[in-house]
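Those letters in the sequence shown? Residues 5 to 354, by the numbering used here. Idealized CB from N, CA, C, for every residue including glycine.
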Amino acid sequence: MALVLTDEDLARLRPRDAVDWMLEALRLRAGGDLMAPPRLRADLGDGALVVTAGRGPRWYGYRAYDTIPTPQDQQVVVVHDATTGEVLAVHVGNDLGPARTGALGGAAAALLGPTAPATVGLVGAGSQAWTQLWALSAVVDIVEVRVASRAPASREALAQRATEVLGLRAYAASSQGLLGSHGWTLDAIAVVVAGIVLTFGMWWVYFISPFGDMLHARRSSSFIFGYGHMVIFGAIAATGAGLHLVGLSLEDKSKLTEFGAITALAAPIAIFLLAVFGIFDGMAGRVDRIHPPILIASMLVLAASVGLAALGLDVAVSLFLLMLAPWVVVVSYEWFGHRYVRDAVHQLQS
5 MALVLTDEDL ARLRPRDAVD WMLEALRLRA GGDLMAPPRL RADLGDGALV
55 VTAGRGPRWY GYRAYDTIPT PQDQQVVVVH DATTGEVLAV HVGNDLGPAR
105 TGALGGAAAA LLGPTAPATV GLVGAGSQAW TQLWALSAVV DIVEVRVASR
155 APASREALAQ RATEVLGLRA YAASSQGLLG SHGWTLDAIA VVVAGIVLTF
205 GMWWVYFISP FGDMLHARRS SSFIFGYGHM VIFGAIAATG AGLHLVGLSL
255 EDKSKLTEFG AITALAAPIA IFLLAVFGIF DGMAGRVDRI HPPILIASML
305 VLAASVGLAA LGLDVAVSLF LLMLAPWVVV VSYEWFGHRY VRDAVHQLQS
């Protein structure tokens with residue numbers, strides 16, 4: 005007789021067990037013993053029926069859910085014995101999916117997370133925030149939890165639930181509390197924003213160039229491509245170190261002035277841009293005529309950010325200008341430069 009479970013039964017699930025099962029599934033997947041094909045979708049008019057399936061050494065099964073706008077949006081999970089085909093268990097409800105996703109987050113934390121006691125910050129207070137914290141509590145020594153959400157009632161409710169169910173010290177953190185109590189300033193926020201914008205911009209700059217097609221067309225350029233990346237990798241690492249120096253200078257924990265820290269950040273960005281353009285031109289066997297003006301414009305942006313820091317302007321202003329340097333390249337290429345890149349590749353292939 006198949007075991008029929010509901011969300012009430014699932015509430016008794018221990019997070020440590022869920023995380024261990026996810027770790028086992030990852031090991032099976034890595035060893036080729038777990039099959040998980042893409043989900044299947046059947047159109048049903050104003051919604052669809054979606055089925056996901058999987059098979060391991062001992063069990064196989066599927067999950068079925070729909071996107072039809074109905075009041076009771078329940079899912080079904082069915083587990084079969086892999087040897088006999090017998091239905092072993094059926095779960096009806098909505099909590100198993102979020103619990104599985106949370107347990108995967110817990111598995112990641114078990115493998116890559118901190119080993120020392122840690123404070124957990126949650127951005128959002130929905131069901132997924134709860135299951136992630138639920139799973140983390142099994143693998144991380146949590147000192148306290150801070151919950152941030154636009155809805156005060158939601159963050160208060162999640163903090164209370166974490167205290168009552170998981171026995172954690174949990175607090176609902178308002179925006180003022182997150183910024184004010186920990187000494188956040190406009191400059192500190194600028195460092196965070198600059199790091200994100202620079203990372204995305206440098207990533208875009210790098211992948212603008214079709215290095216794979218160029219290598220395929222001219223294999224003799226592999227030396228330039230391979231050793232040129234030593235400069236690129238070093239520049240990327242130095243950019244991260246530069247951001248760190250800016251943060252330390254803001255906290256008065258560095259002997260560098262803010263001008264010195266901005267310079268230490270601008271220099272590797274300049275080297276990165278020069279390296280990307282240099283590798284492209286070296287592989288193409290010529291200097292593309294649009295590269296010098298684009299590079300000059302980017303360098304002027306970097307020089308202006310350093311100059312503003314030298315004049316004593318706020319670090320946030322210098323960072324805002326500095327993080328635009330890679331985007332000068334991105335906008336130029338997306339606007340008109342992509343045609344020149346295409347022509348350069350076609351010339352190599354002809």
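Between the beta-carbon of Leu92 and that of Asp85 there is about 6 Å, and that keeps the pair under the 8 Å contact cut. Straight through space, the alpha carbons of Leu53 and Asp47 are spaced by roughly 7 Å.
Three or more beta-carbon pairs separated by less than 8 Å are not found between the region 153–168 and the region 284–295, which leaves the two stretches without contact.
Assignment of Val291 by DSSP, reduced to helix, strand and coil, places it in the coil class. The closest CA to that of His95, considering only Leu9, Val201, Leu304, is found on Leu9. Looking at the backbone, the Cα of Ser213 and that of Arg165 are separated by about 50 Å. Checking the DSSP bridge columns, you'll see Leu7 partnered with Ala93. Using a 10 angstroms sphere on the CB of Ile273, the tally of other CB atoms reaches 16 or more, which defines it as buried. With contact defined as three or more Cβ pairs closer than 8 Å, the region 19–33 and the region 108–121 are in contact.
By the neighbour-count criterion, in which 16 or more other beta carbons inside 10 Å mark a residue as buried, Pro19 falls on the buried side. Less than 7 Å separates the beta-carbon of Val321 from that of Leu312. With fewer than 16 other beta carbons inside 10 angstroms of its own, Met39 counts as exposed.
With a threshold of 16 other beta carbon atoms within 10 Å, Glu262 meets it and is buried. If the five residues before and after Asp37 are omitted, its C-beta is found closer than 6 Å to the C-beta atoms of Pro61, all from its own chain and listed in chain order. Distance check between Asp347 and each of Val332, Ser309, Ala163, Arg290 places Arg290 closest, using alpha-carbon atoms only. Taking Pro102 as the centre and dropping the five residues before and after it, the same chain places the C-beta of Ser131, Gln132, Thr135 closer than 7 Å to its C-beta, in chain order. DSSP places Gly110 inside the alpha helix (DSSP H), whose first and last residues are 100–116. For His84, the pairing in a beta bridge is given by DSSP as Tyr64, Val91. Looking at the DSSP output, Glu148 shares a beta bridge with Thr123. For the region 275–321, the full-length alpha helix (DSSP H) segments reaching 4 residues or more read 295–314 along the chain. Pairing Val310 with Thr243 gives a Cβ-Cβ distance that is not under 7 Å. In terms of Cα proximity to Ala198, the closest of Pro41, Ser258, Trp331 is Trp331. Judged by beta-carbon spacing, Val147 lies within the 7 Å limit of Pro121, meaning their Cβ atoms are closer than that value.
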